[in-house]
Each structure stands twice: as structure tokens, then as C-alpha cells.
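Take a look at the structure below.
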């Protein structure tokens with residue numbers, strides 16, 4: 026028996042610790058040892074899988090480079106008896122950073138077992154181990170209770186530090202939905218985040234606090250009489266500071282501010298009062314179109330009370346399109362051509378400025394430049410023109426013209442007005458001082474051709490009448506050649522004008538005309554009846570006709586006797602020529618009977 030004990034002692038250096046006691050016995054040596062070698066780390070990790078897992082994750086104390094490279098047996102030796110503590114180190118001087126979690130702030134003074142206790146271990150197997158340092162998480166809530174009871178993020182370090190839970194110096198209120206400004210910066214957190222109890226635990230509400238309007242925390246001193254939010258008028262610096270102008274949404278009152286209304290001070294419309302229940306309570310329930318509720322009616326109700334129809338809120342002087350305006354409500358209803366005229370043509374300045382409409386020329390330029398003025402006063406345009414047809418039409422009738430200094434007669438009656446009254450050079454109508462003489466309008470066609478004694482002072486009426494130029498009433502007896510017979514019916518042009526084939530007057534002659542018949546008429550007799558080289562037609566002919574009424578055959582060498590006296594002239598004087606043509610021959614030189622009779 027003694028020998029057996031000696032043999033066992035030679036094989037086993039001592040009893041295993043209580044943790045490894047199940048491995049006692051020579052048959053279990055290879056569970057930890059490799060024959061002929063020291064204890065194998067692989068065999069340790071094969072059993073201690075929790076350490077192996079940490080090494081693989083590169084987490085915890087054993088993953089530290091200064092520890093990972095050591096043999097397990099260097100720290101955890103065995104065979105020192107059942108009560109030997111294999112996990113032994115100086116807890117007071119242990120460098121916790123080697124475990125991958127540096128102790129900072131309040132953590133540095135906490136006893137190890139305040140953290141390393143079963144209640145903080147999540148793994149159920151590790152939790153069963155007595156005095157183990159494994160199984161802890163670095164998250165705050167793995168050890169500490171969630172004071173916020175899941176109402177905030179579980180990342181405690183986003184607000185807190187290791188020094189203490191309160192205050193939370195890392196929390197930046199500006200990153201929240203309610204950045205602190207003005208007086209809010211100086212308010213203690215508890216004023217807004219009051220401490221209470223939830224689920225039987227102390228609790229402070231930080232999430233879900235109403236802040237859309239100041240009234241969520243502050244009393245409404247206006248008793249709900251003012252719409253909109255407090256921030257529309259107040260600032261966070263002080264409730265006494267009024268900043269409503271330009272920021273308050275006036276549309277919530279039912280009266281949207283537009284144009285100049287947006288730029289005026291609030292108290293231009295509302296009374297300045299100190300009572301918060303009375304401020305802005307005047308001038309309420311006023312319709313946007315009811316301007317006269319605040320503004321004086323400059324028109325004394327003449328145009329109704331809806332100022333918005335004409336005026337804009339940008340300015341009373343800025344008017345809308347005035348096409349709708351009923352001018353009949355004024356002292357001057359629009360008629361005729363005035364209806365289509367743009368307002369600004371008459372109202373060059375303000376529409377309310379009075380306009381003198383007693384006479385057309387107060388607005389319209391006197392086109393006639395005073396032509397019709399009498400004693401320096403021109404008659405009003407309406408005497409000749411109407412609003413219905415405008416200035417292009419005249420009320421001046423033919424009957425009116427007959428009462429003028431130049432009554433229209435003859436062709437003048439049918440002549441269009443512009444033919445006499447429009448200056449072609451200036452293209453302008455003129456009615457006064459046109460003159461009453463023909464040459465004031467008509468060109469003196471005979472100037473330089475007709476002696477002035479026959480039309481003194483170029484008086485065309487000495488020969489012509491207003492019916493037509495062609496009707497001439499000149500008394501030819503005033504000349505050296507009174508007209509007789511057929512001459513009295515001949516047109517003057519036949520004798521005094523030279524006219525080409527196109528009936529254009531080439532020349533005219535009224536003086537020194539030859540009175541010989543052959544000057545105007547063709548001499549069909551040639552020199553047959555010439556005396557001393559001159560043919561005097563009047564010896565045979567009269568002006569009534571070309572019949573030779575004055576010819577006496579008895580004065581010739583062949584007086585007509587017997588049957589000869591009853592013959593027609595052609596019976597003897599019509600001779601057929603060799604070509605078969607008939608010629609009139611008056612000097613036959615045939616005096617014997619046999620010259621004509623066989």
C-alpha cells in the first residue's frame with residue numbers, strides 16, 4: 026500500500042483544484058497533458074470555450090497582446106491542492122485597460138465585485154460560476170438600470186460621462202427638436218422636465234414633451250383670444266418683447282395682410298394697451314374688402330363702399346384695371362367715342378383730381394388753331410362734332426354752308442369737302458380764310474393767254490359759271506369779231522385751243538386770231554375763186570351754213586337760163602375722173618352747148 030502511494034506521488038505532483046477535481050486519476054492526465062510535454066494551451070481552450078470565443082473575437086483580457094502570447098499555465102497552475110485559487114491577481118493594482126475596458130471617472134473607485142457579479146452576467150452558464158470575471162458587457166445598461174425606461178436611446182454615453190450620471194454634459198439641446206434660445210438657456214432642466222414616478226421607479230420625462238406652442242408650458246395670458254402661436258409675436262428673450270410685425274401670420278385672423286398692410290406697424294390699426302386680455306381685441310371681424318371700416322372714404326360714398334374694386338393694397342394710388350368702372354356714377358357719363366378711351370388719356374394724374382369737362386378743348390387740342398374764333402373765343406367742338414362719330418364726322422351740313430360767306434352753287438354742291446378744305450402739302454384741314462374767288466382754289470388756266478380786260482382781276486365768273494367749266498357765257502360782241510350764225514354754237518375750244526388726238530390742250534390763243542374763214546376752215550375750192558390771190562368765202566357763203574346763199578350765177582360767164590336754172594349744181598359740176606372718182610369742178614370753162622350735150 027505504501028508502495029502504491031509512493032508511485033502515485035511520483036506520477037501526480039499534487040491534488041487538482043476543486044474546479045478540476047473531476048479530472049483526478051492517472052487515466053485523465055491526457056485531458057490536459059500531452060505525453061512527454063508540458064500542459065497544452067490547446068487542451069485548455071478546448072475545455073474553456075468561453076476563453077476561446079473571446080480570443081476569436083479579440084475581446085477581453087486574454088485577447089490583449091501581452092496576455093495572448095503567454096502560456097495558460099503561467100497564470101493558472103495546478104496540482105496545488107483542492108483549495109488552491111487558480112485565479113489570483115492583485116485586484117487593487119490590476120490594469121483594467123488590459124481587459125479592453127478602461128476604468129474612468131466613478132468606475133475607477135468602484136469595487137470590482139460591484140460590477141463583476143452574477144446579476145450583471147447575461148450568459149446563464151457563466152452566471153453560475155462563483156467569483157468569475159467573465160461575461161460582462163461594456164454597454165452601460167448591462168450593469169445599470171435604464172432610468173429612462175426605454176424612452177431614450179440606449180447609448181448612455183451620448184449624453185453622460187463616467188464621472189456621474191448627473192448632469193449630462195454631453196447632451197446638446199440644439200440637436201433636439203427644441204433648441205434652447207433666449208431665456209430658455211438659463212432655465213433649470215427640472216422646470217420643463219419634471220421628476221415623477223413611472224412603474225414604481227423615479228422617472229424624468231425627456232421624450233414626447235409638447236413644445237409646438239409656448240402654451241404647452243406657459244399660461245395663455247390672452248385667454249385664447251388671439252389665434253396663432255405665441256412665437257408669432259414674442260421671442261424667447263422675453264415675453265415683454267413684441268416681435269409680431271412681419272412674423273405674425275395675420276391670415277389666421279381671417280384678414281390676410283397684403284401690399285402696404287404688410288409694412289405698417291400693428292398698432293397703426295390696433296390700440297396700444299397694457300392688458301394682455303385687451304390687446305388686439307379691437308378692429309376684429311373686419312372683412313378684407315371693407316376698407317372704409319378703417320380708412321376715410323375720400324369719395325363720400327359716391328362710388329360705393331367696395332374700395333377693392335378700384336384700389337390695390339399696395340397703395341391707394343395704385344389702381345386696378347378700371348375697365349369695369351361705371352362712369353355714369355360721376356358728373357360726366359361717358360358717351361360715344363369716350364367709352365373706348367383709356368382712363369389715363371384723361372386722368373393723367375390721380376383719378377380723384379377734378380377735370381373741367383365744360384368744354385371739349387379743356388381736354389382736346391384745338392385742331393383748327395382758332396380758325397373759328399370770334400372776339401378771341403372759339404366755339405366748342407360739339408357745335409360741329411358729335412361723341413358718337415368722333416372728330417372725323419361733322420355736323421356742319423350743306424344748309425349750314427349756305428349760310429356762310431361762300432354759299433355752294435352748281436358743281437360746288439357735289440364737290441367733297443376735302444377737295445377744298447384739305448391742304449395737300451400739309452395734309453391738314455383748313456376752313457377759314459380760304460378766299461371766295463375762283464383762283465383761290467382753282468388754277469388760272471388762261472393766265473398769260475387771255476387779256477385782263479375780258480376777265481378783270483382774274484374773275485373766272487366773267488365767262489364761266491359754277492355748274493361746269495365747259496359752260497361759257499362770254500359776250501363775243503365785246504371783241505373785234507362778233508359771233509354770228511353757226512359760230513354762235515361752236516365751242517370756244519374749237520377756235521381758241523389746239524388739242525391733240527388724246528384731247529390734251531397743246532396751246533391756246535385768244536388774241537390776234539385771223540378772221541379769214543380759211544384760217545379755221547379748209548378751202549375746198551383751192552384758188553378757183555381767188556381774187557388777187559385771196560379767196561373770200563363770204564362772197565358766196567354766210568355763217569348760218571356752208572350753202573352758197575350769196576352766190577349769183579348770173580354774175581358768171583354762164584348765166585343760168587331756162588332749164589339750167591332748175592338744175593342742181595352737181596348736174597354740171599360733178600365730173601367723173603379717169604379713175605372713176607367724182608370730183609366737183611366749178612370752173613368748167615365750157616360755155617358751148619356741145620361741151621355738155623351731144
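Numbering (this note's numbering), first residue to last: 26 to 623.
Glycine included, each C-beta is placed from N, C-alpha and C at the ideal position.
Checklist entry - How about the region 342-357 and the region 304-317: do they share at least three Cβ pairs that are nearer than 8 angstroms? => result Taking 8 angstroms as the limit for Cβ pairs, the verdict is that the region 304-317 does not touch the region 342-357.
Next on the checklist: With distance defined between alpha-carbon atoms, name the residue in 475, 321 and 294 nearest to residue 308.
Outcome noted: Within the chain shown, the letter at position 283 stands for residue 308. For residue 308, the nearest C-alpha among the options comes from 294.
Checklist entry - What's the C-alpha gap between residue 104 and residue 157? => result Along the chain shown, one-based indexing puts residue 104 at 79. Along the chain shown, one-based indexing puts residue 157 at 132. Going from the Cα of residue 104 to the Cα of residue 157 covers about 21 angstroms.
Next on the checklist: Quick check on the burial criterion: 16 or more other C-beta atoms within 10 angstroms. Buried or exposed for residue 480?
Outcome noted: The sequence position of residue 480 within the chain shown is 455, counting from 1. By the neighbour-count rule (16 or more Cβ atoms within 10 Å), residue 480 is buried.
Checklist entry - Are the region 528-543 and the region 458-476 touching, with three or more C-beta to C-beta distances below 8 angstroms? => result The region 528-543 and the region 458-476 touch, with no fewer than 3 CB-CB distances between them shorter than 8 angstroms.
Checklist entry - Assuming residue 218 contacts residue 231 under a Cβ cut-off of 8 angstroms, what Cβ separation, rounded to an integer in Å, is found between them? => result Numbered from its first residue, the chain shown carries residue 218 at position 193. Numbered from its first residue, the chain shown carries residue 231 at position 206. Indeed, because the Cβ distance is near 6 angstroms, the residues count as touching under 8 angstroms.
Checklist entry - Is it buried or exposed for residue 599, if we count other Cβ within 10 angstroms and need 16 for buried? => result On the chain shown, residue 599 is found 574 positions in, with the first residue counted as 1. It counts as exposed.
Checklist entry - Around the C-beta of residue 27, are 16 or more other C-beta atoms found within 10 angstroms, so that it is buried, or is it exposed? => result Stepping through the chain shown from its first residue, residue 27 is reached at position 2. Residue placement at residue 27 is poorly supported in this model, since its pLDDT is 43, which falls under 50; the coordinates still yield a value, given next. Flag for residue 27 reads exposed.
Checklist entry - Hey, residue 159 and residue 167 are a contact pair by Cβ (cut 8 angstroms); roughly how many whole angstroms apart? => result Counting from 1 along the chain shown, the entry for residue 159 is found at position 134. Counting from 1 along the chain shown, the entry for residue 167 is found at position 142. Their Cβ separation, rounded to whole angstroms, is 13 angstroms, which puts residue 159 and residue 167 out of contact at 8 angstroms.
Next on the checklist: As a quick exercise: from 504, 516, 195 and 502, pick the residue whose alpha carbon is nearest that of residue 496.
Outcome noted: Looking up residue 496 in the chain shown gives position 471. When each option's Cα is compared against that of residue 496, the closest is 516.
Checklist entry - Assuming residue 188 contacts residue 268 under a Cβ cut-off of 8 angstroms, what Cβ separation, rounded to an integer in Å, is found between them? => result By one-based count along the chain shown, residue 188 stands at place 163. By one-based count along the chain shown, residue 268 stands at place 243. Contact doesn't hold; Cβ gap of about 40 angstroms is too wide.
Checklist entry - For residue 305, does the count of other Cβ atoms within 10 angstroms reach 16, so buried, or fall short, so exposed? => result Reading the chain shown from its first residue, position 280 is the one you call residue 305. Under a 10 Å Cβ-count criterion, residue 305 is classified as buried, with 16 or more other Cβ atoms of the shown protein chains found around its own Cβ.
Checklist entry - In its own chain, which residues sit with a C-beta less than 7 angstroms from the C-beta of residue 258, not counting the 5 before and 5 after it? => result As a working mapping, residue 258 is identified with position 233 in the chain shown. 267, 268, 269 and 273, listed in sequence order.
Item to check | Proximity below 7 angstroms, CB of residue 463 to CB of residue 485 | outcome: As a position in the chain shown, residue 463 is number 438, starting the count at 1. As a position in the chain shown, residue 485 is number 460, starting the count at 1. A contact, by the Cβ cut-off of 7 angstroms.
Item to check | Distance between beta carbons of residue 106 and residue 39, contact taken as under 8 angstroms | outcome: The sequence position of residue 39 within the chain shown is 14, counting from 1. The sequence position of residue 106 within the chain shown is 81, counting from 1. Right, the Cβ-Cβ distance comes to about 6 angstroms (below 8 angstroms), so this counts as a contact.
Checklist entry - Exposed or buried, what is residue 489 when buried is set at 16 or more other beta-carbons lying within 10 Å of its beta-carbon? => result Taking the first residue of the chain shown as position 1, residue 489 is located at position 464. By the C-beta density criterion, residue 489 is buried, having at least 16 other C-beta atoms within 10 angstroms.
Next on the checklist: Can you tell me which residues form a DSSP beta bridge with residue 607?
Outcome noted: Taking the chain shown and counting its residues from 1, the one referred to as residue 607 is at position 582. Among the bridge pairs identified by DSSP, residue 607 is matched with 601.
Item to check | Exposure label - residue 30; buried when at least 16 CB within 10 Å | outcome: By 1-based counting over the chain shown, the position of residue 30 is 5. Low confidence applies to residue 30: its pLDDT is 44, below 50, so where it sits in the model is not reliable enough to give any reading.
Checklist entry - When the Cα atoms are used, what is the spatial distance from residue 58 to residue 71? => result Residue numbering aside, residue 58 sits at position 33 when the chain shown is read from its first letter. Residue numbering aside, residue 71 sits at position 46 when the chain shown is read from its first letter. Distance from the CA atom of residue 58 to the CA atom of residue 71, rounded to whole angstroms, is 12 angstroms.
Checklist entry - Could you give the uninterrupted runs of the alpha helix (DSSP H) lying entirely in the region 159-232, keeping only those of 4 residues or more? => result Whole alpha helix (DSSP H) segments, 4+ residues: 214-217.
Checklist entry - From residue 572 to residue 449, what distance separates their C-alpha atoms? => result Here residue 572 is taken as the residue at index 547 of the chain shown, counted from 1. Here residue 449 is taken as the residue at index 424 of the chain shown, counted from 1. Looking at the two C-alpha atoms, the distance is approximately 54 angstroms.
Checklist entry - Quick one, which of 101, 108 and 125 has its alpha-carbon nearest residue 114's? => result On the chain shown, position 89 is the one that residue 114 refers to. The shortest Cα separation from residue 114 among 101, 108 and 125 belongs to 101.
Item to check | Residues near residue 112 by beta carbon distance below 6 angstroms, same chain, minus five either side | outcome: Here residue 112 refers to the residue found at position 87 when the chain shown is read from its first residue. Same-chain partners within the cutoff: there are none.
Next on the checklist: At the level of alpha carbons, what is the spacing between residue 422 and residue 433?
Outcome noted: Translated into positions along the chain shown, residue 422 becomes position 397. Translated into positions along the chain shown, residue 433 becomes position 408. Going from the Cα of residue 422 to the Cα of residue 433 covers about 11 angstroms.
Next on the checklist: If we require 4 or more residues per run, which alpha helix (DSSP H) segments fall completely within the region 462-545?
Outcome noted: If we require 4 residues or more, the alpha helix (DSSP H) runs fully inside the region 462-545 come out as 517-521 and 542-545.
Checklist entry - What residues in its chain sit with their C-beta under 7 angstroms from that of residue 339, if we drop five residues either side in the sequence? => result Counting from 1 along the chain shown, the entry for residue 339 is found at position 314. Answer for residue 339: 284 and 285, listed in chain order.
Next on the checklist: According to DSSP, is residue 282 part of a helix, a strand, or is it coil?
Outcome noted: Here the question's residue 282 lines up with position 257 in the chain shown. When secondary structure is reduced to three states using DSSP, residue 282 falls in the coil class, being assigned neither helix nor strand.
Checklist entry - Should residue 524 be labelled buried (16 or more other beta-carbon atoms within 10 Å of its own) or exposed? => result In the chain shown, the residue the question calls residue 524 occupies position 499. By the Cβ-count criterion, residue 524 is exposed, with fewer than 16 other Cβ atoms from all chains shown falling within 10 Å of its own Cβ.
Next on the checklist: Give me the DSSP bridge partner(s) of residue 415.
Outcome noted: For the purposes of this step, residue 415 is taken as the residue at position 390 of the chain shown. DSSP output for residue 415 lists 411 as bridge partner(s).
Item to check | Cβ shell of residue 608 (< 6 angstroms), same chain only, five flanking positions each side left out | outcome: For the purposes of this step, residue 608 is taken as the residue at position 583 of the chain shown. The beta carbon of residue 608 sits closer than 6 angstroms to those of 600 and 602, all from its chain and outside the five residues before and after it, given in chain order.
Next on the checklist: Using only CA atoms, which one of 47, 91 and 614 lies nearest to residue 582?
Outcome noted: Here residue 582 refers to the residue found at position 557 of the chain shown. Here the closest residue by C-alpha is 614.
Checklist entry - Roughly how many angstroms separate the alpha carbons of residue 32 and residue 50, rounded to a whole number? => result Start at 1 with the first residue of the chain shown, and residue 32 comes out as number 7. Start at 1 with the first residue of the chain shown, and residue 50 comes out as number 25. Here residue 32 scores only 46 on pLDDT, less than 50, and its place in the model should not be relied on; the value that follows carries that caveat. Spanning the two alpha carbons is a distance of roughly 13 angstroms.
Item to check | Own chain partners of residue 606 with C-beta closer than 8 angstroms, once the 5 adjacent residues on each side are dropped | outcome: The sequence position of residue 606 within the chain shown is 581, counting from 1. There are no such residues.
Next on the checklist: Mapping the DSSP letters down to three states, classify residue 33 as helix, strand or coil.
Outcome noted: By one-based count along the chain shown, residue 33 stands at place 8. Residue placement at residue 33 is poorly supported in this model, since its pLDDT is 47, which falls under 50; the coordinates are not used for a value here.
Checklist entry - Around the Cβ of residue 185, are there at least 16 other Cβ atoms within 10 angstroms (buried) or fewer (exposed)? => result If you number the chain shown from 1, residue 185 lands on position 160. That one is buried.
Checklist entry - Per DSSP, what kind of secondary structure is residue 369 in: helix, strand or coil? => result The count along the chain shown starts at 1 and reaches residue 369 at position 344. Residue state, collapsed to three classes: helix.
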